[in-house]
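The block underneath contains the structure these notes are about, expressed in structure tokens.
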Amino acid sequence: MSQDQTKTSKTEGVFKSIHRRMSSFGKSSRTSELPYETMPSIADQLPSSNSSSRLSSVKSHPKRRNDERDTRLISLDKLMDGATVADKNRRWFEKINIAVRAQMNSSDYDCSHDYEHIQRVVMSAHRLWHAEKDHEVFRNIDPLIIYVAAMVHDVGDGKYLSDELVEMDTDEARQEQQRDSIELFIRKAAPECPPYIWGPASHVAALVSFTRELRNPVLIAQQCAAYPALQIVQDSDRLDGLGAVGIIRGAVYGGATEPRGTGTVRRVVHVVDERHARYVEMMKTRSGKREAAKRWEAMEEIRDQIMKQANCEHALTDLENNVPDLKASLRPLQFVSAREIEVGHGRKAIVIFVPVPLLSGWHKAQQRLTRELEKKFSDRHVLIVASRRILPRPKRSNRSRSNQTQKRPQSRTLTAVHDAILTDLVFPVEIVGKRLRTREDGSKILKVVLDEKERGGVDYRLDTYSEVYKRLTGKGVNFEFPQSQQTDY
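The sequence shown begins at -9 in the numbering used here and counts up one residue at a time.
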């Protein structure tokens, strides 16, 4: 057997293994018999009546639950933005789409790299292509190559199929192996897909890997110059690794592929710092760089929140284990989240949000607890606030002004929640008076008077109270103590 025949045999073996859980989508040429629907975000209009697929009879579908898998297909008509799509192109594109959906939703992959990830990457590729298509570098690209490469870029991925893949000595050999697997995947799913599409699409898809670029940046730079479509597909894939979805995907992938060991939730932050932080500088397209910068900013904020909450959890656990008189008090307590707030003069405050039913338990331990936490977080004040939700004002019926929907509890009104936040912030100090003042410019500020007996204990925290209240409610407030005992509030 020749070397080429051996290579083909191994690649076909890989192809068979990654298809072992797929349905027999290729047994019938009548795509109209397949139960699928199209994504309304792209296919929100019905295609032409001469289409041979069920795309011509798709009706609206009820809204999905958040935990229900999205299996809608991607409409080539909408991707092409009104340009005429030949029936033959629509047919083979749908067949590849169906095959990708079956593969990515199989048990070989987890939900960090599933069909919904493919949907998002194709959507991003669509946006980037239209933002960049008039640029000289991208002017002559066939968009079908971009969309097909975006759909199949995770097919044959070694990090999921390491047991089935033949061990290769070099990354170049692994890239060739994935390219051959993708090529066979496309040709099996849609034999009528033309070579000028599946050839470059397979090549581009096999070069998308972030790790592959880290190992050989010179090669990827050369390939991006030779195949500009690679720039768009790479950027699209990496955009899905940024922002809130990026953090969720990182956590899911880590949980699905790594043993529990001694790791903590800080592992997610480590991945963000070590991997995702590089994405922005590695983006290739102008529009991709702009979008990546926005998503990275959001990701940093979430990352910081994770660290604050993780650090707070660690500090509370440490106190529970090492401070005997707090152990019994802290054991039944839980908190919802922790937030760090700038309070001016280079200082910060940590606000711990706790469930309303547990607030009294927190209050019992609050003075000792905040004292111990502020020793650990030496440059921060620690405040405990109940996590409350403001309900909107009930709407009246159009038929009768007296026929109201269910009344909202008084404790869920905006005024009641804001008053409760005030009380939580200054606890255990008592509020003895309030006045709403109007400034010369027409703005209003609330003046809150605290019990004189606590002047020496909390006067250094008044600026923190004011700034935190403003950040939580959007309203200004001044805290002060009575000027004289005769002052009537």
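For every residue, glycine included, the Cβ atom is placed at its ideal position computed from N, Cα and C.
- Listed in chain order, the non-local C-beta contacts of Y243 below 6 Å within the same chain comprise S102, local neighbours out to five positions each way being set aside.
- The alpha-carbon separation between R461 and I331 amounts to approximately 8 Å.
- Excluding sequence positions up to five before and after E281, its CB lies within less than 7 Å of the CB of L229, all in the same chain and listed in chain order.
- Out of L440, H266, L174 and R62, the CA that lies nearest to the CA of N468 is found in L440.
- D369 has its alpha-carbon roughly 47 Å from the corresponding atom of D60.
- Ranked by Cα distance from S350, the options L363, V375, R81 and E364 are led by V375.
- From the listed residues V313, E430 and H193, the smallest Cα separation to E362 is found for V313.
- Proximity to H143 across R321, K68, P133 and Q168 peaks at Q168, based on C-alpha coordinates.
- Within the same chain, and ignoring the five residues on either side of K317 in sequence, the residues whose Cβ sits closer than 6 Å to its Cβ are E310.
- Here E291 is exposed: its Cβ has fewer than 16 other Cβ atoms, across all protein chains shown, within 10 Å.
- Between G278 and I222, the C-beta spacing is below 9 Å.
- The DSSP assignment places 185 to 195, 200 to 205, 207 to 216, 219 to 229 and 233 to 247 as complete runs of the alpha helix (DSSP H) inside the segment 182 to 262, in order along the chain (cut-off: 4 residues).
- By the criterion of a C-beta distance shorter than 6 Å, V198 is surrounded in its chain by H143, V223, Q224 and D227, once the five residues flanking it on both sides are discounted.
- Per DSSP, the beta-bridge partners of R425 are K437.
- In the DSSP annotation of this structure, the continuous segment of the alpha helix (DSSP H) that includes R177 starts and ends at D161 to A179.
- Between V346 and R427, the alpha-carbon positions lie close to 30 Å from each other.
- Distance between F325 and V419, taken at the CA atoms: about 22 Å.
- Collapsing the DSSP output to three states places N95 in coil.
- Between the beta-carbon of M289 and that of V261 there is about 11 Å, and that puts the pair past the 8 Å contact cut.
- One alpha carbon belongs to V270, the other to R285, and they sit about 9 Å apart.
- The three-state secondary structure of G447, taken from DSSP, is helix.
- Just measuring C-alpha positions, the residue of W188, V258, A139 and S456 sitting nearest A234 is V258.
- Take V458, set aside five residues on each side of it, and the residues of its chain with a beta-carbon closer than 7 Å to its own are I331, V333, A339, V341, L373 and L415, in chain order.
- Of H335, L348 and K366, the smallest CA-CA separation from L306 is found for K366.
- With fewer than 16 neighbouring CB atoms inside 10 Å of its own CB, D71 falls in the exposed class.
- For S319, no beta strand (DSSP E) run applies; the uninterrupted alpha helix (DSSP H) run containing it begins and ends at P314 to L320, by DSSP.
- Comparing C-alpha distances from H335 to each of P181, H304, H371 and F343 shows the shortest one belongs to H371.
- Boundaries for H371: no alpha helix (DSSP H) harbours it, while the beta strand (DSSP E) harbouring it runs R370 to A376, taken from the DSSP string.
- In the three-state reduction of the DSSP assignment, I342 falls in the strand class, which pools E and B.
- As the crow flies, the alpha-carbon of I135 is around 11 Å from that of A115.
- Separation of the CB atoms of V194 and A219 is rounded to 5 Å, and the pair is thereby assigned contact status at 8 Å.
- Taken in chain order, the unbroken stretches of alpha helix (DSSP H) that lie wholly in the segment 90 to 135 and span 4 residues or more are 105 to 122.
- The segment 179 to 188 and the segment 79 to 89 touch, with three or more beta-carbon pairs separated by less than 8 Å.
- Taking C-beta separations shorter than 6 Å and ignoring five residues to either side along the sequence, the partners of R329 in its chain run V341, following chain order.
- Secondary structure of A76 (DSSP, three-state): coil.
- DSSP, reduced to helix, strand and coil, places L323 outside both helices and strands of the structure shown, so it counts as coil.
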